[in-house]
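These notes are about the structure you will find just below.
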Amino acid sequence: MKVLVTGGAGYIGSHTVLSLLTAGHEVTVVDNLANSSPEALRRVETLAGRSLASVEADIRDGRALSAVMEQSRPDAVVHFAGLKAVGESTEKPLEYYANNVFGTVALLKAMEAVGCRRIVFSSSATVYGEAQYLPFDEAHPLGATNPYGRTKHFVEEIIADWTASVDGAGAALLRYFNPVGAHASGRIGEDPSGIPNNLAPYITRVAVGSLASLSVFGGDYDTRDGTGERDYVHVEDLAEAHLAALEHLGGATGCHPFNIGTGRTTTVLEMVRAFEAASGRTIPHEIMPRRAGDVACSYAAVDKAAAVLNWRATRDLADMCASAWRWQSQNPAGYADASG
Ligand code: NAD
Ligand code: UFG
Numbered sequence: 003m004k005v006l007v008t009g010g011a012g013y014i015g016s017h018t019v020l021s022l023l024t025a026g027h028e029v030t031v032v033d034n035l036a037n038s039s040p041e042a043l044r045r046v047e048t049l050a051g052r053s054l055a056s057v058e059a060d061i062r063d064g065r066a067l068s069a070v071m072e073q074s075r076p077d078a079v080v081h082f083a084g085l086k087a088v089g090e091s092t093e094k095p096l097e098y099y100a101n102n103v104f105g106t107v108a109l110l111k112a113m114e115a116v117g118c119r120r121i122v123f124s125s126s127a128t129v130y131g132e133a134q135y136l137p138f139d140e141a142h143p144l145g146a147t148n149p150y151g152r153t154k155h156f157v158e159e160i161i162a163d164w165t166a167s168v169d170g171a172g173a174a175l176l177r178y179f180n181p182v183g184a185h186a187s188g189r190i191g192e193d194p195s196g197i198p199n200n201l202a203p204y205i206t207r208v209a210v211g212s213l214a215s216l217s218v219f220g221g222d223y224d225t226r227d228g229t230g231e232r233d234y235v236h237v238e239d240l241a242e243a244h245l246a247a248l249e250h251l252g253g254a255t256g257c258h259p260f261n262i263g264t265g266r267t268t269t270v271l272e273m274v275r276a277f278e279a280a281s282g283r284t285i286p287h288e289i290m291p292r293r294a295g296d297v298a299c300s301y302a303a304v305d306k307a308a309a310v311l312n313w314r315a316t317r318d319l320a321d322m323c324a325s326a327w328r329w330q331s332q333n334p335a336g337y338a339d340a341s342g
């Protein structure tokens, strides 16, 4: 299959592109490199032993996008491109709406112009907002609590309207829970710029010594040990979920949301201990006040993805931590100091 991947140079995108290439698909990546390095794609090609086409362009640039569509004539699009920092989205909401919402509209228009009718979209569990019950299933009411989450919610609605209006169109909305880990080789991984907002990349930076200590946000939640519980999912499992979704869309029309998680939770302190075991390093940490906007617990009902996509996460927390440590210890400055 010919697959166009927006945001393919990023964290989840690069792992998915590798899975696509390994499965024999032809891949074209469109990325403006706003939050990624071309080095990631060079390494993906080496790992896959195959080449891909890569275009540096912004998905909001209709002319550039049309040119790529005309050239590559994709059978399907996997759409990762977007901004993803919750805190930043409250400071710069218009940038988030312009990039994530307008970017997607531009993408759908460009797809329509070349008759491409299949899309897999990177949504997020954040679309559910406050839990009315747990685990979150796909029928849980949506109610994102920040601009980033609302962009994901709005894009889901836009894609649903689009599939309803175009004969034969099909979409899978993948609601990721908490993606962590890296490719087993340690050659590609998560490389956030600046100080990481998320738990796993923060811990890995403490482990390599580039950050001194982890602040544990809240020790008084109503959870197993008082710290936040999340459903962490290995990025390689996540990558495989995209392949399963593409396969499903080969025979399905309409717009379908799927939770992509493990159905299990890990607390912040459990994550610290698992990472210490994987790395052999001590992670200095201190319990601090809760972070505004955090929920106590979030995890996925995973039955729908299993039943419809025939996909289930197979890697465990130890795999997530070991691979993240391999990546970070072999690449202490991420792709920045890489010579290949
Ligand atoms: P990432 O920042 O590593 O990857 C996003 C990629 O999109 C980057 O390479 C960036 O340069 C590119 N990009 C951004 N705006 C663009 C534009 N206008 N045109 C072209 N390229 C553009 O992020 P990621 O963690 O790989 O996330 C991928 C997707 O998954 C995002 O849509 C994100 O919102 C979603 N998601 C991520 C998480 C997570 O915790 N990582 C959780 C849920 C959902
Ligand atoms: N945490 C800390 N210290 C840190 C960072 C995080 O204690 O330095 C805690 C948080 O309080 C939370 C847990 O670790 O209990 C996980 O936090 P993350 O920031 O890693 O992840 P979130 O669950 O807050 O959010 C993530 C993504 C969102 C996405 C959401 C989907 O950042 O983009 O998962 O559920 F929408």
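All you need for this note's numbering is the position in the sequence shown, starting with 1, plus 2.
Glycine is no exception: its CB is placed at the ideal position from the N, C-alpha and C atoms.
Coarse secondary structure for leucine 22, derived from DSSP in three states
Sequence index remark: in the sequence shown, residue 22 carries index 20 (1-based). DSSP places leucine 22 in helix when its eight states are reduced to three.
Runs of alpha helix (DSSP H) lying entirely within the segment 115 to 175, each at least 4 residues, in chain order:
149 to 167
Rounded distance between the beta-carbons of glutamate 93 and leucine 85, thought under 8 Å
Mapped onto the sequence shown, residue 85 falls at position 83. Mapped onto the sequence shown, residue 93 falls at position 91. Contact flag wrong, Cβ pair sits at about 12 Å.
Go through the residues and name those whose CB comes closer than 7 Å to any heavy atom of the ligand UFG, in chain order.
Lys86, Val88, Ser126, Ala127, Thr128, Tyr150, Gly151, Tyr178, Phe179, Asn180, Asn199, Asn200, Leu201, Ala202, Tyr204, Leu216, Ser217, Val218, Phe219, Gly220, Thr229, Gly230, Arg232, Val270, Arg293, Asp296, Ser300
Could you please give the first and the last residue of the uninterrupted beta strand (DSSP E) stretch that includes glutamate 58?
Sequence index remark: in the sequence shown, residue 58 carries index 56 (1-based). 55 to 58 is the span of the beta strand (DSSP E), which, as asked, contains glutamate 58.
For valine 88, which residues in the same chain have their Cβ closer than 8 Å to its Cβ, ignoring the five residues on either side in sequence?
Along the sequence shown, one-based indexing puts residue 88 at 86. Cβ within range, chain order: Thr128, Asn148, Tyr150, Gly151, Asn199, Gly295.
For glycine 256, the residue or residues it bridges with in DSSP
Counted from its first residue, the sequence shown places residue 256 at position 254. Per DSSP, Gly172.
State the CB to CB distance for the pair isoleucine 61 and alanine 108, rounded to an integer number of angstroms; the pair is presumed to be in contact (CB under 8 Å).
To locate residue 61, count along the sequence shown from 1; it is residue 59. To locate residue 108, count along the sequence shown from 1; it is residue 106. That belief holds up - the Cβ atoms of isoleucine 61 and alanine 108 are roughly 6 Å apart, short of 8 Å.
Put arginine 275 into one of helix, strand or coil per three-state DSSP.
Indexing the sequence shown from 1 puts residue 275 at position 273. Three-state result, arginine 275: helix.
Run through DSSP, which three-state label would alanine 206 get?
The residue given as residue 206 occupies position 204 in the sequence shown. First, the residue type needs correcting, since residue 206 is threonine and not alanine in the sequence shown. Reduced to three states, the DSSP call for threonine 206 is helix.
Quick one: what does DSSP say arginine 177 is sitting in, helix, strand or coil?
Translated into positions along the sequence shown, residue 177 becomes position 175. Reduced to three states, the DSSP call for arginine 177 is strand.
Quick check on this structure: which residue in Ala241, Ala42, Ile289 has the alpha carbon closest to the alpha carbon of serine 124?
Position 122 of the sequence shown, counted from the start, is the residue given in the question as residue 124. For the residues Ala241, Ala42, Ile289, the minimum Cα distance to serine 124 belongs to Ala241.
Whether or not the segment 133 to 143 and the segment 217 to 224 are in contact is what I'm after, with contact meaning three or more pairs of Cβ atoms, one per stretch, closer than 8 Å; do they touch?
no
Any heavy atom of the ligand NAD closer than 6 Å to the Cβ of isoleucine 61?
Numbered from 1 along the sequence shown, position 59 holds the residue referred to as residue 61. Correct: isoleucine 61 has its Cβ closer than 6 Å to the ligand NAD.
C-alpha distance - tyrosine 13 paired with alanine 186, whole-angstrom precision:
In the sequence shown, residue 13 corresponds to position 11, counting from 1. In the sequence shown, residue 186 corresponds to position 184, counting from 1. Those two C-alpha atoms are separated by around 14 Å.
Since methionine 290 sits in a beta bridge, which residues does DSSP pair it with?
Numbered from its first residue, the sequence shown carries residue 290 at position 288. Bridge partners of methionine 290: Phe219.
Given a cut-off of 7 Å, decide if tyrosine 130 and aspartate 233 are closer than it, judged by their beta-carbon atoms.
The residue labelled residue 233 in the question sits at position 231 within the sequence shown. The residue labelled residue 130 in the question sits at position 128 within the sequence shown. Contact flag unset, no.
For histidine 236, the three-state DSSP class (helix, strand or coil)
On the sequence shown, position 234 is the one that residue 236 refers to. Strand, per DSSP.
Using CA coordinates, which residue listed in Leu54, Phe156, Val116 is at the minimum distance from glutamate 72?
Reading the sequence shown from its first residue, position 70 is the one you call residue 72. Ranking Leu54, Phe156, Val116 by Cα distance to glutamate 72 puts Val116 first.
Please go through the same chain and pick out, in chain order, the residues whose beta-carbon is closer than 7 Å to the beta-carbon of aspartate 224, but skip the five residues on each side of it.
Translated into the one-based positions of the sequence shown, residue 224 becomes position 222. If we look at aspartate 224 and ignore the five residues flanking it on each side, its Cβ neighbours are Ala298.
On the CB-based measure, 16 or more other CB atoms within 10 Å of its CB, does alanine 338 come out buried or exposed?
Within the sequence shown, residue 338 is the residue found at index 336, counting from 1. Counting Cβ neighbours within 10 Å, alanine 338 comes out exposed, since fewer than 16 surround it.
What's the gap between the Cα of glycine 342 and the Cα of alanine 50?
The residue labelled residue 342 in the question sits at position 340 within the sequence shown. The residue labelled residue 50 in the question sits at position 48 within the sequence shown. Since pLDDT at glycine 342 reaches only 45, below the 50 mark, its modelled position is unreliable, and no value is offered.
Under 7 Å between the Cβ atoms of serine 56 and leucine 67?
On the sequence shown, residue 56 is found 54 positions in, with the first residue counted as 1. On the sequence shown, residue 67 is found 65 positions in, with the first residue counted as 1. No. Outside cutoff.
Verify the contact flag: glycine 252, CB atom, against every heavy atom of the ligand NAD, threshold strictly below 6 Å.
As a first step, residue 252 is located in the sequence shown; it is residue number 250 there, counting from the start. Glycine 252 Cβ: outside cutoff for every heavy atom of the ligand NAD.
Counting pairs of beta carbons, one from the segment 187 to 197 and one from the segment 267 to 277, are three or more of them closer than 8 Å?
no
DSSP state of lysine 111, grouped into three classes?
Mapped onto the sequence shown, residue 111 falls at position 109. Residue state, collapsed to three classes: helix.
Nearest by alpha-carbon distance to glutamate 47: which of Asn37, Ala59, Asp63, Glu28 is it?
Here residue 47 refers to the residue found at position 45 of the sequence shown. Ranking Asn37, Ala59, Asp63, Glu28 by Cα distance to glutamate 47 puts Glu28 first.
CB-CB under 6 Å to histidine 244, same chain, minus the five flanking residues each way: which ones, in chain order?
The residue given as residue 244 occupies position 242 in the sequence shown. So the qualifying residues of the chain are Thr18, Val80, Val122.
Exposure of proline 286, with buried meaning 16 or more beta-carbon neighbours within 10 Å:
Position 284 of the sequence shown, counted from the first residue, corresponds to residue 286. So proline 286 counts as exposed.
List the whole-angstrom C-beta distance separating serine 325 from glycine 183, where the pair is believed to meet the contact cut-off of C-beta under 8 Å.
As a working note, residue 325 is residue 323 in the sequence shown. As a working note, residue 183 is residue 181 in the sequence shown. Going by Cβ atoms, the distance from serine 325 to glycine 183 rounds to 5 Å, so yes, they are a contact pair.
With DSSP as the reference, label serine 16 as helix, strand or coil.
Taking the sequence shown and counting its residues from 1, the one referred to as residue 16 is at position 14. If DSSP states are grouped into helix, strand and coil, serine 16 belongs with the helices.
From which residue to which residue does the alpha helix (DSSP H) around leucine 49 run?
The residue you call residue 49 lines up with position 47 of the sequence shown. Its alpha helix (DSSP H) spans residues 40 to 50.
Going along the chain, which residues of its own chain have a beta-carbon closer than 6 Å to the beta-carbon of glutamate 231, five neighbours each way excluded?
Residue numbering aside, residue 231 sits at position 229 when the sequence shown is read from its first letter. Excluding residues within five positions, the ones whose Cβ falls inside 6 Å are Thr225, Thr267, Thr269, Cys299.
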